[in-house]
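Q: Heads up: the sequence shown at position 80 corresponds to 80 in the working numbering, and the numbers run straight through without jumps. The C-beta atom is built at its ideal place from N, Cα and C for all residues, glycine as well.
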Amino acid sequence: MAKEISNVEYKFNEGALINEFQAYIDATYDGHYATNKFQSTEVIIERGHGTGFCMGNVDKYSNRYGKKGSRDDARKDLMKVLHYALIQLYIHDSEKEE
């Protein structure tokens with residue numbers, strides 16, 4: 001699917017940040033976590049523990065924000081929060097309504 005160019009004038013640099021976030025996610029697929037046939041997160045989701053895992057990591061990294069390492073480390077924690085929240089959104093959308 002072709003990416004549409006937005007004409008929205010963002011006030012908080014959202015367009016550039018979304019592009020950076022996508023590049024961050026893309027890099028995780030090239031990283032050591034994705035060298036196996038299945039990522040650990042896939043196995044956790046398949047076993048029915050995806051929501052707890054993702055929301056636990058959102059909580060972990062958001063609570064750690066600014067408390068560990070450098071300013072860049074804090075920014076990386078925010079990227080992790082966003083990534084786990086995005087995976088949780090996928091889980092949410094994949095679940096059948098009861």
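Assuming glycine 50 and isoleucine 91 are in contact, meaning their beta carbons sit under 8 Å apart, how far apart are those beta carbons, in whole angstroms?
A: One-based indexing of the sequence shown puts residue 50 at position 50. One-based indexing of the sequence shown puts residue 91 at position 91. Right, the Cβ-Cβ distance comes to about 5 Å (below 8 Å), so this counts as a contact.
Q: Which two residues bound the contiguous alpha helix (DSSP H) that contains valine 96?
A: The residue labelled residue 96 in the question sits at position 96 within the sequence shown. Sequence check: residue 96 is lysine here, not valine. Note, lysine 96: premise wrong, no alpha helix (DSSP H); not H, not E.
Q: If you draw a straight line from the C-alpha of alanine 23 to the C-alpha of asparagine 13, how long is it?
A: Numbered from its first residue, the sequence shown carries residue 23 at position 23. Numbered from its first residue, the sequence shown carries residue 13 at position 13. Each residue's Cα considered, the two are about 16 Å apart.
Q: Expressed to the nearest angstrom, what Euclidean distance is found between the alpha-carbon atoms of asparagine 7 and serine 62?
A: As a working mapping, residue 7 is identified with position 7 in the sequence shown. As a working mapping, residue 62 is identified with position 62 in the sequence shown. Computed Cα separation, rounded: 31 Å.
Q: Can you determine whether any heavy atom of the ligand GTP sits closer than 7 Å to the C-beta of arginine 47, and answer yes or no?
A: Within the structure as shown, the ligand GTP is missing, as the structure has no ligands at all.
Q: Would you grab the beta carbon distance between aspartate 77 and arginine 64 for me? Rounded to a whole angstrom, and I think it's under 8 Å.
A: For the purposes of this step, residue 77 is taken as residue 77 along the sequence shown, with counting starting at 1. For the purposes of this step, residue 64 is taken as residue 64 along the sequence shown, with counting starting at 1. Aspartate 77 to arginine 64, Cβ: 6 Å. Contact.
Q: Confirm, please, whether the CB-CB distance from methionine 79 to phenylalanine 21 is below 8 Å.
A: Taking the sequence shown and counting its residues from 1, one reaches residue 21 at position 21. Taking the sequence shown and counting its residues from 1, one reaches residue 79 at position 79. Yes; because the gap between Cβ atoms is below 8 Å, this pair is in contact.
Q: On the three-state DSSP scale, how would you describe lysine 37?
A: Counting from 1 along the sequence shown, the entry for residue 37 is found at position 37. In this structure, lysine 37 counts as coil in the three-state DSSP scheme.
Q: Under 7 Å Cβ to Cβ from leucine 82, same chain only, skipping five residues before and after it: list those, please.
A: For the purposes of this step, residue 82 is taken as residue 82 along the sequence shown, with counting starting at 1. Correct list, in chain order: Phe21.
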